[in-house]
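Enquirer: In this note's numbering, the protein residues as written are 1281 to 1984. For each residue, glycine too, the CB sits at the ideal point set by N, CA and C. Since the model is a prediction, treat every value here as computed from it, not as a measurement. Below are the structure tokens for one structure; questions will follow.
This is the structure:
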């Protein structure tokens, strides 16, 4: 990115840093990796009032530059490592104006690194509502840096912040906040001299963090270790002394610049709400009720738009059949591409509703409460509250959820979370569940409120969470590690959701789902069409020859004859042959060779199952009778018994298999990326496949 100035955004979690990043950069964003590490780097371009372009880097949220996780270690590396060319020209420290004391600790550390700083006082509207008065001009004078009051959620003060960024390089460097040299004079002086470090606070940080800083050579790290022994440097004691000194500075600063209202006996609204929503009993009941509402909404609200999409594809297939001449091209477009796409695009309304409702929960601050409530439960299975973030994120997609485990400090907790996150029912499973539930669960209400299909879907999602917790408990005894995890989290105040953000999230996630799934499904649909439209040797010719005999042509109607021929050809196609090869393995689960084809094809991505079934039954079906995939599967019959193929036992056996099996190539890849060892994704694939097969076997024979 060609930019005139590089600006880093730094702040505590829940200070609105990401919101500010989105406002400054708009759609001019890209995701990459920091050099040499797997931690994501979000960068974007921002036009400044003076015509220059600023490159904005969104650094991971942290309470201090002393790292407690993989993400947090990036902050100091970016600010201090000049070798990779990422050191920013300016740092914007985003501080919560309603909680300055805690937020200014990070500011004082960054200020002592001697990088130009601007303080963005965010959530000024919240501070004013709480009766907190901040003398912004005096605060700026005492710090020696620009201080800009803003409200990122309301896009207030953004132009002033851009102006401050534009003129930041014309501002003198800020004064020291504490006497860093006095904390450890001997080792600071020697590190500064031997490693040619011109900043005493960077020298002190090298003494603290040299073991985790990738830009130091082994020789440099060993030399710092020797200097620690020589000077009797105790990292924990030095850090404690530094923190006390910084808070003394902060207390004096706030005494002069911030006025708070006298402590009132009235509790804040957020605290009153929390007494109910985070109650040790009612909190979980409310959370379960919210989940139930979400899954009821997914079925009831999406019914009409899904019906419209189904009708649209039936019309498109009918139009293509009429306009295109009969032949391979017509069959490919109708039975391959359109049939495959219809099986996925029909679920856009359900995906959009799921993401919209989850976005509302996140935006209001409720998701943070869920994480807090689940901490005690997580500890009992060997995890901590931070593991809940990836698990809840798994409802959307396991890939970013597994990447978010980097914030978990404890190695054992992190590895267990990575291993169980794919068990959580992701959005790719939603089309499979809703299709199969629609086939075998009646669409009726009980007690006038609860829809049976919604209850079945809720049960599948609850099962996914319960299974993840149980597997985590087992792995607690399998993985050995001495270190203990801990959980620190700040609960943000409740806010009204930003509807613009909810709509954007719903649109963006749905578009991503369609584009990512669509590419895979079109490719798989074309391959499957080829495998199902052609067979080895002269099998197809023999079938045509057999059914051309008078005993068939004179006794069967043309439609019936065409359907029998299509069915015979499908069974003798390359796909049919392969399906028959694996059928003995999956038959104990209630699956036939056609379902076997869908299982294999959907190992690329779970949502391919629906498109595969649509393609299979389109190839086999009546060319003059175009139907939705659900209708085709409902009419499918076992040729030996004449009974429906998709019975209650088969449908639930299939859902259980999809609930537990690792059918996602992207997840396998990201697990390897995060662990750097193929043994972890291999072990994950093996245990999930074994679990899926066993559970599916039990469910089929129980319901049969």
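For a minimum of 3 consecutive residues, which ranges assigned as the beta strand (DSSP E) are wholly contained in the stretch 1395–1431?
Expert: You should have 1397–1402, 1427–1429.
Enquirer: Quick one: measure Cβ to Cβ for residue 1751 and residue 1703, integer angstroms, because I've assumed they're closer than 8 Å.
Expert: The count along the chain shown starts at 1 and reaches residue 1751 at position 471. The count along the chain shown starts at 1 and reaches residue 1703 at position 423. Contact flag correct, Cβ pair sits at about 6 Å.
Enquirer: By the 10 Å Cβ neighbour count, where 16 or more other Cβ atoms means buried, how is residue 1957 classified, buried or exposed?
Expert: Sequence index remark: in the chain shown, residue 1957 carries index 677 (1-based). Residue 1957 comes out exposed.
Enquirer: Might you give, ordered along the chain, the residues of its own chain that have their beta carbon closer than 8 Å to the beta carbon of residue 1500, omitting 5 neighbours on each side?
Expert: For the purposes of this step, residue 1500 is taken as residue 220 along the chain shown, with counting starting at 1. These residues qualify, in order along the chain: 1475, 1490.
Enquirer: Using 8 Å as the threshold, is the C-beta distance between residue 1969 and residue 1941 below it?
Expert: In the chain shown, residue 1969 corresponds to position 689, counting from 1. In the chain shown, residue 1941 corresponds to position 661, counting from 1. Taking 8 Å as the Cβ cut-off, residue 1969 and residue 1941 qualify as a contacting pair.
Enquirer: Use the C-beta contact count for residue 1727: other C-beta atoms within 10 angstroms, 16 or more gives buried, fewer gives exposed.
Expert: Against the chain shown, residue 1727 aligns to sequence position 447. Exposed: under 16 other Cβ atoms inside 10 Å.
Enquirer: As a quick exercise: from 1647, 1641, 1881, pick the residue whose alpha carbon is nearest that of residue 1802.
Expert: Here residue 1802 refers to the residue found at position 522 when the chain shown is read from its first residue. Nearest option by C-alpha distance: 1881.
Enquirer: Output the boundary residues of the beta strand (DSSP E) element that contains residue 1286.
Expert: Taking the first residue of the chain shown as 1, we reach residue 1286 at position 6. Element bounds for residue 1286: 1285–1291.
Enquirer: Given a threshold of 16 other Cβ atoms within 10 Å of its Cβ, counted over all protein chains shown, does residue 1292 qualify as buried or as exposed?
Expert: In the chain shown, residue 1292 corresponds to position 12, counting from 1. Residue 1292 should be labelled buried.
Enquirer: Nearest-angstrom Cα distance between residue 1787 and residue 1777?
Expert: As a position in the chain shown, residue 1787 is number 507, starting the count at 1. As a position in the chain shown, residue 1777 is number 497, starting the count at 1. Taking the straight line joining both Cα atoms gives about 16 Å.
Enquirer: Within 10 Å of its beta-carbon, does residue 1757 have 16 or more other beta-carbons around it, so buried, or fewer, so exposed?
Expert: The sequence position of residue 1757 within the chain shown is 477, counting from 1. Classification of residue 1757: exposed, given that the 10 Å Cβ count is below 16.
Enquirer: With a cut-off of 8 Å on the beta carbons, I'd call residue 1290 and residue 1373 a contact; round off their distance for me.
Expert: Stepping through the chain shown from its first residue, residue 1290 is reached at position 10. Stepping through the chain shown from its first residue, residue 1373 is reached at position 93. Indeed, because the Cβ distance is near 5 Å, the residues count as touching under 8 Å.
Enquirer: Is the CB-CB distance between residue 1488 and residue 1515 below 8 Å?
Expert: Reading the chain shown from its first residue, position 208 is the one you call residue 1488. Reading the chain shown from its first residue, position 235 is the one you call residue 1515. A contact, by the Cβ cut-off of 8 Å.
Enquirer: Residue 1538 bridges to which residues according to DSSP?
Expert: In the chain shown, residue 1538 corresponds to position 258, counting from 1. Residue 1538 pairs with 1414.
Enquirer: What separation, rounded to the nearest whole angstrom, lies between the Cα atoms of residue 1954 and residue 1695?
Expert: The residue you call residue 1954 lines up with position 674 of the chain shown. The residue you call residue 1695 lines up with position 415 of the chain shown. Each residue's Cα considered, the two are about 10 Å apart.
Enquirer: Can you give the Cα-Cα distance for residue 1521 and residue 1634, rounded to whole angstroms?
Expert: For the purposes of this step, residue 1521 is identified with residue 241 of the chain shown, where counting begins at 1. For the purposes of this step, residue 1634 is identified with residue 354 of the chain shown, where counting begins at 1. For residue 1521 and residue 1634, the distance between alpha carbons rounds to 49 Å.
Enquirer: In angstroms with no decimal places, state the Cα-to-Cα distance between residue 1710 and residue 1477.
Expert: By 1-based counting over the chain shown, the position of residue 1710 is 430. By 1-based counting over the chain shown, the position of residue 1477 is 197. Approximately 55 Å, taken between the alpha carbons.
Enquirer: Let me know if residue 1824 comes out buried or exposed under the rule of 16 or more other beta-carbons within 10 Å of its beta-carbon.
Expert: Here residue 1824 refers to the residue found at position 544 when the chain shown is read from its first residue. With fewer than 16 Cβ atoms within 10 Å of its Cβ, residue 1824 is classed as exposed.
Enquirer: Between residue 1629 and the rest of its own chain, which residues show a CB-CB distance below 6 Å, the 5 nearest in sequence each way excluded?
Expert: As a first step, residue 1629 must be located in the chain shown, where it is residue number 349. Once the five neighbours on either side are set aside, the close Cβ partners of residue 1629 are 1582, 1585, 1586.
Enquirer: DSSP three-state label for residue 1379, please.
Expert: Position 99 of the chain shown holds residue 1379. DSSP places residue 1379 in helix when its eight states are reduced to three.
Enquirer: Look at residue 1432 and residue 1303 and say whether their C-beta atoms are less than 8 Å apart.
Expert: Here the question's residue 1432 lines up with position 152 in the chain shown. Here the question's residue 1303 lines up with position 23 in the chain shown. Yes, Cβ-Cβ distance for residue 1432 and residue 1303 is below 8 Å.
Enquirer: Below 8 Å, can you find three or more Cβ-Cβ pairs linking the stretch 1638–1656 to the stretch 1710–1719?
Expert: Too few Cβ pairs lie closer than 8 Å, so no.
Enquirer: What ranges does the alpha helix (DSSP H) occupy inside the stretch 1491–1572, keeping only unbroken runs of at least 4 residues that lie completely in it?
Expert: If we require 4 residues or more, the alpha helix (DSSP H) runs fully inside the stretch 1491–1572 come out as 1498–1511, 1515–1537, 1549–1557.
Enquirer: Kindly indicate which three-state DSSP category residue 1678 falls into: helix, strand or coil?
Expert: For the purposes of this step, residue 1678 is taken as the residue at position 398 of the chain shown. Helix.
Enquirer: Going along the chain, which residues of its own chain have a beta-carbon closer than 6 Å to the beta-carbon of residue 1413, five neighbours each way excluded?
Expert: Taking the first residue of the chain shown as position 1, residue 1413 is located at position 133. Around residue 1413: 1539.
Enquirer: According to DSSP, is residue 1917 helix, strand or coil?
Expert: In the chain shown, residue 1917 corresponds to position 637, counting from 1. It is a strand residue.
Enquirer: For residue 1847, which option in 1326, 1791, 1812 has the closest C-alpha, if you only look at C-alpha atoms?
Expert: By 1-based counting over the chain shown, the position of residue 1847 is 567. Minimum Cα distance to residue 1847 is reached at 1812.
Enquirer: Just list the residues that DSSP pairs residue 1374 with in beta bridges.
Expert: Mapped onto the chain shown, residue 1374 falls at position 94. Residue 1374 pairs with 1291, 1400.
Enquirer: What does DSSP give as the partner residue(s) for residue 1590 in the beta ladder?
Expert: The residue you call residue 1590 lines up with position 310 of the chain shown. In DSSP, residue 1590 forms no bridge with anything.
Enquirer: In this structure, how does DSSP classify residue 1436 when only helix, strand and coil are distinguished?
Expert: To locate residue 1436, count along the chain shown from 1; it is residue 156. Reduced to three states, the DSSP call for residue 1436 is strand.
Enquirer: Identify the continuous alpha helix (DSSP H) that holds residue 1949 and give its terminal residues.
Expert: Locating residue 1949 in the chain shown gives position 669, counting from the first residue. Run containing residue 1949: 1945–1955, per the alpha helix (DSSP H) assignment.
Enquirer: Could you give the DSSP three-state label for residue 1630: helix, strand or coil?
Expert: Locating residue 1630 in the chain shown gives position 350, counting from the first residue. In this structure, residue 1630 counts as helix in the three-state DSSP scheme.
Enquirer: Could you tell me the distance, in whole angstroms, from the CA atom of residue 1759 to the CA atom of residue 1674?
Expert: As a working note, residue 1759 is residue 479 in the chain shown. As a working note, residue 1674 is residue 394 in the chain shown. If you take the alpha carbons of residue 1759 and residue 1674, they lie about 22 Å apart.
Enquirer: Note down, in chain order, each residue of its chain lying with its Cβ closer than 6 Å to the Cβ of residue 1653, except the 5 sequence neighbours on either side.
Expert: If you number the chain shown from 1, residue 1653 lands on position 373. Closer than 6 Å at Cβ, skipping near neighbours: 1558, 1563.
Enquirer: From 1931, 1917, 1943, pick the residue whose C-alpha is nearest to that of residue 1888; which is it?
Expert: Within the chain shown, the letter at position 608 stands for residue 1888. Closest by alpha carbon: 1943.
Enquirer: Taking Cβ positions, are residue 1388 and residue 1524 nearer each other than 8 Å?
Expert: Here residue 1388 refers to the residue found at position 108 of the chain shown. Here residue 1524 refers to the residue found at position 244 of the chain shown. No, these two residues do not count as a Cβ contact at 8 Å.
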